[in-house]
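Working notes, beginning with the structure itself.
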Amino acid sequence: FAAMEVPVVDLSLPSEQVVDAIGQACAVVGFFTLRGHGLDPQLVAEAQAAAQAFFGQDEGGKGRYAANGRAYGYFPRASEALSNDDADVATKPDLREAFSMGPQAGVPPHLRGAG
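Residues 201 to 315 in this note's numbering are what the sequence shown spells out, letter by letter.
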């Protein structure tokens with residue numbers, strides 16, 4: 201993969217090729233995008249626009265949704281260390297920010313009224 205090139209994994213390929221492509225992308229770059237997933241392109245574009253709008257905010261705006269020790273929410277840059285080797289946020293933090301979400305039974309109390 202070229203520098204700054206995000207690998208694209210095509211889910212319409214045979215599963216062995218998909219598995220190999222995901223493994224290669226994760227080992228070399230650390231992430232990838234998907235195509236061949238069957239999602240409506242308009243939905244994908246709207247999700248990308250929402251992500252760009254969220255991460256384009258200043259820290260105060262994003263911080264209103266901070267995970268603060270919970271599994272879901274906003275994780276600022278250098279707030280986690282998820283490496284398999286010597287994961288230590290003090291000495292080897294992940295240099296990325298993230299918003300984690302998953303199944304919920306309603307809006308979590310710490311996010312109610314945050315929007």
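Cβ coordinates follow ideal geometry from the N, Cα and C atoms, glycine included.
- Taken through DSSP and simplified to helix, strand or coil, G273 comes out as strand.
- The Cβ atoms of R277 and R264 lie no closer than 9 angstroms to each other.
- Contact between I222 and V208 is ruled out by a C-beta separation of about 11 angstroms, above the 8 angstroms threshold.
- Residue state for S300 is assigned as strand, using DSSP reduced to three classes.
- Cβ-Cβ distances below 7 angstroms link A298 to F275 in the same chain, with the five nearest sequence neighbours on each side left out; the list follows chain order.
- According to DSSP, residue pairing for L213 in a beta bridge does not occur.
- Residue burial annotation: G256 is exposed, with fewer than 16 other C-beta atoms found within 10 angstroms of its C-beta.
- Beta-bridge pairing by DSSP links V208 to T233.
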